[in-house]
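Using the working numbering, the letters of the sequence shown correspond one by one to residues 954 to 1021. We put the CB at the ideal spot given by N, CA and C, even for glycine. Quick caveat: nothing in here was measured; it's all calculated off a predicted structure. What follows is a set of notes on a single structure, which appears directly below.
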Amino acid sequence: MLNPFAPAEFTALLLLSTALTANLGLLRAMRFVVAVPLGWGLLFTLCAGGLGALVVAGVATAAWMESL
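Right, dumping it as structure tokens:
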């Protein structure tokens, strides 16, 4: 898995999946290992689809209304 953002996410995924595997077994840990990249993919897809712009616009609107 290549991570272009920061090594922290990959390290956290590796450590958490190792701990889950040791404590719960490989099959139960695989749910976590698969869910993390799927969640990131969903987040990136939503942001590419405009969700990020909506959040930024909402924050800007809230700041503008607060300044009134």
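Alpha helix (DSSP H) segment containing residue i, residue limits
{"i": "residue 999", "result": "979-1001"}
{"i": "residue 1004", "result": "1004-1019"}
*Would the region 994-1003 and the region 973-984 be scored as touching if the rule is three or more Cβ pairs under 8 Å?*
no
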